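Comments concern the structure below.
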Amino acid sequence: MAKNASAFAIGLLFGLGLLVSGMADPAKVLAFLDVTGRWDPSLALVMASALVVSAIGYRVARRRRRPLLAPRLEIPTRRDLDPRLIAGAAVFGIGWALAGLCPGPALTILTVVPAPAATFVAAMVAGMLLFRLVPPAASKPAAHQGADA
Amino acid sequence: MTSRFAPSGHRPERSSGAIHMNGFTPVSAVLGGAMIGASAALFLLLNGRVAGISGILGGLLAPPSRETGWRVAFLSGLILAPVAYAGLGGSLPPVTVDASYPLLALAGLLVGFGARLGSGCTSGHGVCGIGRGSPRSLVATGTFMAVAILTVLVVRHVTGA
Chain A
1 MAKNASAFAI GLLFGLGLLV SGMADPAKVL AFLDVTGRWD PSLALVMASA LVVSAIGYRV
61 ARRRRRPLLA PRLEIPTRRD LDPRLIAGAA VFGIGWALAG LCPGPALTIL TVVPAPAATF
121 VAAMVAGMLL FRLVPPAASK PAAHQGADA
Chain B
150 MTSRFAPSGH RPERSSGAIH MNGFTPVSAV LGGAMIGASA ALFLLLNGRV AGISGILGGL
210 LAPPSRETGW RVAFLSGLIL APVAYAGLGG SLPPVTVDAS YPLLALAGLL VGFGARLGSG
270 CTSGHGVCGI GRGSPRSLVA TGTFMAVAIL TVLVVRHVTG A
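Chains as they are written, first to last, in the working numbering: chain A, 1 to 149; chain B, 150 to 310.
Written as structure tokens, this is what we have:
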């Protein structure tokens with residue numbers, strides 16, 4: 001129960017951060033990606049700032065015996081680079097650039113611009129379901145278990 | 150309501166109100182980024198999990214398990230953020246979607262499939278993964294950033310859309 005309440009509050013904070021930072025605005029995301037146009041560097045600061053704070057959190061979390069509300073840390077352990085990682089990131093990058101939306105912001109703006117956001121989210125879920133049809137990578141036993149995120 | 154949406158793909162007329170489009174907003178960027186980073190940090194410290202949105206959502210597509218509750222809770226918080234934002238007295242920042250419905254559908258499909266194939270998205274790789282010093286996340290983030298920049302270049306400046 002506490003675990004779910006914490007997840008809810010953290011999800012809320014995450015969404016508020018997306019709204020405050022401008023990351024939830026597809027036009028602003030595209031202005032960041034448009035380096036040869038009227039480039040808006042804001043999102044580089046969003047990522048840098050988020051990275052610093054999350055890196056500190058990770059260092060603290062690793063030093064503790066266990067998380068407060070869970071028996072153990074469940075974080076990805078894979079370090080190898082494989083073709084799927086690169087191909088997946090490339091496909092993701094194309095999709096991100098076509099609409100200026102990635103998963104977090106798309107969910108966050110569902111109540112703000114319901115029709116376009118729901119269209120994107122429905123297609124995104126379809127894409128995720130489509131991935132389930134892809135056979136697991138051979139000879140990498142932990143490939144599917146070790147999803148990074 | 151500051152949100153605008155132009156389904157036909159035309160750039161909507163800018164009404165009065167806070168317009169930051171193409172404008173550099175360093176203060177809100179750093180503040181909002183710190184909030185995103187703080188939620189990633191808190192999620193590790195409290196729940197022991199990585200705050201990767203595509204992973205949290207993707208996990209819900211499997212049969213219900215003991216993991217279902219916190220996933221639904223996290224995503225509910227995310228979805229309710231604009232309501233909380235307005236409730237806290239803020240007027241929502243602009244949210245401008247210029248893409249047409251077919252383009253939104255194609256983009257969503259690619260983002261969903263790509264995030265699962267590549268084991269993560271902007272949050273999981275870009276914030277949490279690099280924050281942990283994961284080489285996979287560093288490469289994934291570099292790849293999707295480069296490809297996204299290239300895609301915008303082609304769509305906006307080469308094909309002139």
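Don't be surprised by glycine CBs; every beta carbon is placed ideally from N, CA and C.
The model shown is predicted, which means the values in this text are computed figures rather than measured ones.
Length of the line joining the Cα atoms of residue i and residue j
{"i": "residue 302 (chain B)", "j": "residue 89 (chain A)", "result": "18 Å"}
{"i": "residue 229 (chain B)", "j": "residue 19 (chain A)", "result": "11 Å"}
{"i": "residue 183 (chain B)", "j": "residue 13 (chain A)", "result": "10 Å"}
{"i": "residue 235 (chain B)", "j": "residue 49 (chain A)", "result": "24 Å"}
{"i": "residue 170 (chain B)", "j": "residue 27 (chain A)", "result": "Bear in mind that the predicted position of residue 170 (chain B) carries a pLDDT of just 47, short of 50, making it unreliable; the figure below should be weighed with that in mind. Taking the straight line from one Cα to the other gives about 7 Å."}
{"i": "residue 200 (chain B)", "j": "residue 273 (chain B)", "result": "6 Å"}
{"i": "residue 131 (chain A)", "j": "residue 194 (chain B)", "result": "30 Å"}
{"i": "residue 162 (chain B)", "j": "residue 68 (chain A)", "result": "With a pLDDT of 41 at residue 162 (chain B), under the threshold of 50, the modelled position of that residue is not reliable, and no figure is offered here."}
{"i": "residue 304 (chain B)", "j": "residue 72 (chain A)", "result": "45 Å"}
{"i": "residue 278 (chain B)", "j": "residue 250 (chain B)", "result": "32 Å"}
{"i": "residue 95 (chain A)", "j": "residue 181 (chain B)", "result": "24 Å"}
{"i": "residue 38 (chain A)", "j": "residue 298 (chain B)", "result": "13 Å"}
{"i": "residue 35 (chain A)", "j": "residue 306 (chain B)", "result": "11 Å"}
{"i": "residue 202 (chain B)", "j": "residue 308 (chain B)", "result": "32 Å"}
{"i": "residue 263 (chain B)", "j": "residue 1 (chain A)", "result": "32 Å"}
{"i": "residue 239 (chain B)", "j": "residue 177 (chain B)", "result": "13 Å"}
{"i": "residue 125 (chain A)", "j": "residue 210 (chain B)", "result": "8 Å"}
{"i": "residue 241 (chain B)", "j": "residue 113 (chain A)", "result": "12 Å"}
{"i": "residue 291 (chain B)", "j": "residue 77 (chain A)", "result": "19 Å"}
{"i": "residue 3 (chain A)", "j": "residue 215 (chain B)", "result": "11 Å"}
{"i": "residue 252 (chain B)", "j": "residue 192 (chain B)", "result": "33 Å"}
{"i": "residue 137 (chain A)", "j": "residue 97 (chain A)", "result": "27 Å"}
{"i": "residue 347 (chain B)", "j": "residue 91 (chain A)", "result": "Residue coverage of chain B in this structure runs from 150 to 310, which leaves residue 347 (chain B) outside it and unanswerable."}
{"i": "residue 204 (chain B)", "j": "residue 255 (chain B)", "result": "20 Å"}
{"i": "residue 47 (chain A)", "j": "residue 212 (chain B)", "result": "33 Å"}
{"i": "residue 187 (chain B)", "j": "residue 248 (chain B)", "result": "31 Å"}
Identity of the residue in the options nearest residue i by Cα
{"i": "residue 122 (chain A)", "options": "A:106, A:131, A:111, A:132", "result": "A:106"}
{"i": "residue 295 (chain B)", "options": "B:271, B:255, B:241, B:197", "result": "B:271"}
{"i": "residue 311 (chain B)", "options": "A:34, A:93, A:111", "result": "Only positions 150 to 310 of chain B appear in the structure, and residue 311 (chain B) is not among them; the question remains open."}
{"i": "residue 174 (chain B)", "options": "A:17, A:8, A:30, A:43", "result": "A:43"}
{"i": "residue 87 (chain A)", "options": "B:185, B:191, B:280, B:289", "result": "B:289"}
{"i": "residue 29 (chain A)", "options": "A:83, A:82, A:104, A:52", "result": "A:104"}
{"i": "residue 79 (chain A)", "options": "B:281, B:291, B:292", "result": "B:281"}
{"i": "residue 74 (chain A)", "options": "A:102, A:61, A:85, A:81", "result": "A:61"}
{"i": "residue 275 (chain B)", "options": "B:286, B:268, B:267", "result": "B:286"}
{"i": "residue 40 (chain A)", "options": "B:172, B:254, B:213, B:212", "result": "B:172"}
{"i": "residue 45 (chain A)", "options": "B:179, B:204, B:253", "result": "B:179"}
{"i": "residue 206 (chain B)", "options": "B:220, B:212, B:293", "result": "B:220"}
{"i": "residue 70 (chain A)", "options": "B:227, B:233, B:198", "result": "B:198"}
{"i": "residue 134 (chain A)", "options": "B:284, B:283, B:267, B:218", "result": "B:267"}
{"i": "residue 300 (chain B)", "options": "A:33, A:116, A:17, A:9", "result": "A:33"}
Whole-angstrom C-beta distance between residue j and residue i, which should lie under 8 Å
{"i": "residue 15 (chain A)", "j": "residue 189 (chain B)", "result": "Contact flag wrong, Cβ pair sits at about 13 Å."}
{"i": "residue 196 (chain B)", "j": "residue 6 (chain A)", "result": "6 Å"}
{"i": "residue 222 (chain B)", "j": "residue 11 (chain A)", "result": "7 Å"}
{"i": "residue 118 (chain A)", "j": "residue 110 (chain A)", "result": "6 Å"}
{"i": "residue 260 (chain B)", "j": "residue 102 (chain A)", "result": "6 Å"}
{"i": "residue 24 (chain A)", "j": "residue 108 (chain A)", "result": "5 Å"}
**Item:** Uninterrupted alpha helix (DSSP H) stretches inside the region 163-229 of chain B (no shorter than 4 residues)
**Value:** For the alpha helix (DSSP H) assignment, the uninterrupted runs of no fewer than 4 residues enclosed by the region 163-229 of chain B are, from N- to C-terminal side, 175-191, 202-208.
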